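Beneath this line is the structure, given in structure tokens, with notes to follow.
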Amino acid sequence: MSDIASKPITGENASPAGQKTVAFRGGGFAPQSRRWVGAIVFFALIGFVEIATRSGFITSLTLPIPSEVFATFIGLWESGLLWKHLVPSVSRLIVGASIGATLGIGIGILIGLFSLARAGLVPLIAAIFPIPKIALLPLFVIWFGIDEPSKYALIAFGTFTPTVVATYGAVDNVDRTLIRMGQSFSLSWISIVTKIVLPGAMPGILSGLRVSLAIAIILLVAAEMLGAEYGIGAYILEAGSLYDLERLFVGVTILSILGVGVSSLIGLAENRLLNWRI
Amino acid sequence: MDLKLDNISHFYGEMEILRAINLDIPAGKVICIVGPSGCGKSTLLRLIGGLERPTRGEVLQLGSPPPGSINPLTYIFQDFALLPWRTVEGNISLVLEDHGIKGSQAADIISDVLSRTRLTDFRRALPKQLSGGMKQRVAISRALAVKPAVMLMDEPLSALDSQTRELLMDDLVNLWTNEPFTAVYVTHNLNEAVRLGHSIVVLSRRPGEIREIVELDIPLEGRKMGNIELERQQQLLWNLMREEAMAADKELINV
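Line by line, the protein sequences give chains A and B. Residues in the first sequence are numbered consecutively from -15, following the numbering used here. Residues in the second sequence are numbered consecutively from 1156, following the numbering used here.
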């Protein structure tokens, strides 16, 4: 944030008759886009670990060698097992997160629009928000069975609460003068909601989705660790119980990539839906 | 269509905002309402257009709006109130869609109002690309699109710099001379009031009461900058308001 762009100008260039340049002091505090810095930090870190593990500076019990993790990943890909683990995980994520996010946006809008829904539901949401949803997995297994539905339910439930909170906050923040304008032109209630409130709340809803989808990935792994034959979570659990650090890191890397993918999907949606923002 | 304010009083909780306002708004005239800050002039405008209910008294509509008027009482807001996610065209079609005007019929209306406000070239621009003056012209064309019987203008030029304000005043005068409209124009700027008002209503400080109604006979198109008579009227108005404004400035705000 506060990169200092210039050195303070000293009094040395105080040439003729006490005349000197006014020192520039307005630098920094202006975030700029630096495209490749993220990638450079990432590769520098990997490179450091690679050299340190190969030279024995870091023992192979502490961290696996990055190139071997990569080789394990290629092996997983070539054996076809990657897709066997990835496809069920991604489909669980899509189904669970869609249910949770849809319900969350719906309930959030209701809370934002109706005082009755707000009075009734906000305390309830506040009460269920801090419950670690993983603790409820046994309950979901009893309700929905050991198969897919209990995993969907866990992910959906975990996505639901943060989405609700983000959505009604976003609806509250819609510019009231725009709503007043809609009323002054005698727009119908439904038009005001769909053409003014919803687009106005969209920035807040999308940034809320960033958080809730990351939570969805965490819960996906938790659900798969507790009972799944295939899936990234099952793969990580198996590697972990064998202390196979290479495979463990492959699993973790896949999750990171999944997270980056989801986040860039939301970035794309923001660019498309919110191109009207300054 | 005329409007008549019949003995309007308004309270926010215990606080009296407006007291016994009686006013006639005849068709085809621009009525300016001036007063010190916090005297309830914007509240009065919200009452006239039905965005708020007066505590006592009522706003009466005399006669029916002219045929083809889609939204008889139409506002123009200080902060423009344009939807940032819709283009100029989309912002105007927003207020037509709900009244069943779509397709080529809507396109015709949009072309007409944009040409009247000299915005034809900016049809597909987003509000963020426009200057403040252009945004307010978009808001004016949106208001014209619904063929209002009365335009309710809430400090429409107050968010603009003084050059843009001069230009927009000329625009408003031209619009009125080409096709006279009825307007209630709320402002704290006495210069705008003497340039645009056929009559100027001076409100006292809170609770707002009508102190005086000044009639100006000079035709709108003849009121140029530096007109002696206008200067004199503006000075008179300022003398009327000066003490009120000073007293209002010293009041504590307990809202």
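All C-beta atoms in this analysis are idealised placements derived from N, C-alpha and C, irrespective of residue type, glycine included. All values reported here derive from a predicted model rather than from experimental measurement.
Relative to the C-alpha of residue i, which residue among the options is closest?
i: A:Asp159; options: B:His1165, B:Arg1211, B:Leu1158, B:Pro1239; result: B:Pro1239
i: A:Asn259; options: B:Ser1248, B:Leu1158, B:Arg1241; result: B:Arg1241
i: A:Leu138; options: A:Gly10, A:Ile115, A:Gly64; result: A:Ile115
i: B:Arg1361; options: B:Leu1158, B:Ile1176, B:Asp1157; result: B:Ile1176
i: A:Phe27; options: A:Val106, A:Val149, A:Pro50; result: A:Pro50
i: A:Ala119; options: A:Ala150, A:Val21, A:Lys135; result: A:Lys135
i: B:Leu1269; options: B:Val1293, B:Glu1367, B:Ser1224; result: B:Val1293
i: B:Gly1381; options: B:Gly1255, B:Cys1194, B:Phe1336, B:Glu1321; result: B:Glu1321
i: B:Asn1346; options: B:Gln1284, B:Asn1333, B:Leu1391; result: B:Leu1391
i: B:Pro1221; options: B:Trp1331, B:Glu1244, B:Pro1303; result: B:Pro1303
i: A:Arg194; options: A:Leu232, A:Val155, A:Ser172, A:Ala253; result: A:Ala253
i: B:Gly1195; options: B:Met1396, B:Lys1405, B:Val1341, B:Asp1157; result: B:Val1341
i: A:Gly129; options: A:Ala207, A:Ile174, A:Val106; result: A:Ala207
i: B:Asp1411; options: B:Met1289, B:Ile1225, B:Asp1157; result: For chain B, the structure presents residues 1156 to 1410; residue 1411 of chain B sits outside this window and is missing.
i: A:Val74; options: A:Ala200, A:Ser168, A:Trp127; result: A:Ala200
i: A:Pro146; options: A:Gly217, A:Arg164, A:Ile174, A:Ile189; result: A:Ile189
i: B:Ser1248; options: A:Gly192, A:Thr46, A:Leu171; result: A:Leu171
i: A:Leu45; options: A:Asn255, A:Glu230, A:Ile238; result: A:Glu230
i: B:Arg1350; options: B:Ala1300, B:Glu1310, B:Thr1319, B:Leu1371; result: B:Leu1371
i: B:Gly1218; options: B:Gln1284, B:Pro1227, B:Ser1296; result: B:Pro1227
i: B:Met1324; options: B:Val1250, B:Phe1336, B:Arg1378; result: B:Arg1378
i: B:Pro1374; options: B:Glu1364, B:Gly1352, B:Asn1162; result: B:Gly1352
i: B:Asn1333; options: B:Leu1299, B:Ala1314, B:Ile1256; result: B:Leu1299
Is any beta-carbon of chain A found at less than 8 Å from that of residue i?
i: B:Phe1336; result: no
i: B:Asp1253; result: yes
i: B:Trp1240; result: yes
i: B:Ala1236; result: yes
i: B:Val1301; result: yes
i: B:Val1250; result: yes
i: B:Tyr1230; result: yes
i: B:Asn1177; result: no
i: B:Asn1226; result: yes
Checking contacts by CB at 8 Å: is residue i closer than that to chain B?
i: A:Ser191; result: no
i: A:Pro183; result: yes
i: A:Ile93; result: no
i: A:Arg179; result: The identity of residue 179 of chain A in the sequence shown is Lys, whereas the question assumes Arg. Yes, because at least one Cβ of chain B sits closer than 8 Å to the Cβ of A:Lys179.
i: A:Trp260; result: yes
i: A:Ser175; result: yes
i: A:Ser172; result: yes
By a C-beta neighbour count over all protein chains shown, 10 Å radius and 16 as the cutoff for buried, is residue i buried or exposed?
i: B:Tyr1230; result: buried
i: A:Ala103; result: exposed
i: B:Arg1271; result: buried
i: B:Gln1388; result: buried
i: B:Ile1203; result: buried
i: B:Trp1208; result: Before going further, note that residue 1208 of chain B is Arg rather than Trp in the sequence given. Counting Cβ neighbours within 10 Å, B:Arg1208 comes out exposed, since fewer than 16 surround it.
i: A:Glu213; result: exposed
i: B:Leu1215; result: exposed
i: B:Trp1331; result: buried
i: A:Tyr227; result: exposed
i: A:Ala7; result: exposed
i: B:Ile1355; result: buried
i: B:Asn1246; result: buried
i: A:Thr178; result: exposed
i: B:Glu1244; result: buried
i: B:Asp1267; result: exposed
i: B:Met1401; result: exposed
Taking Cβ positions only, does residue i come closer than 8 Å to chain E?
i: B:Leu1206; result: Reference to chain E is not applicable here, since the protein chains of this structure are A and B.
Any C-beta of chain A within less than 9 Å: which residues of the segment 1309 to 1333 of chain B qualify? none
Which residues of the segment 153 to 170 of chain A have a Cβ closer than 9 Å to any Cβ of chain B? Give them in chain order. Asp159, Thr161, Leu162, Arg164, Met165, Gly166, Gln167, Ser168, Phe169, Ser170
Start-end ranges of the alpha helix (DSSP H) lying completely within the segment 161 to 232 of chain A, minimum 4 residues: 182 to 209, 216 to 225
Jot down the residue ranges of each uninterrupted beta strand (DSSP E) in the segment 1200 to 1262 of chain B, minimum 3 residues, whole runs only, in chain order. 1211 to 1217, 1228 to 1231
Contact residues within the segment 1282 to 1307 of chain B, judged by C-beta distance below 7 Å to chain A: Those would be Lys1283, Val1301, in chain order.
Whole runs of the beta strand (DSSP E) within the segment 61 to 116 of chain A, excluding any shorter than 3 residues: none
Hey, which unbroken runs of the beta strand (DSSP E) at 3 residues or more fall wholly within the segment 1344 to 1406 of chain B? 1354 to 1358, 1365 to 1370
Which full runs of the alpha helix (DSSP H) of 4+ residues lie inside the segment -9 to 48 of chain A, going along the chain? 21 to 39
Return the chain-ordered ranges of every alpha helix (DSSP H) run that is complete within the segment 1257 to 1316 of chain B and spans a minimum of 4 residues. 1258 to 1271, 1287 to 1300
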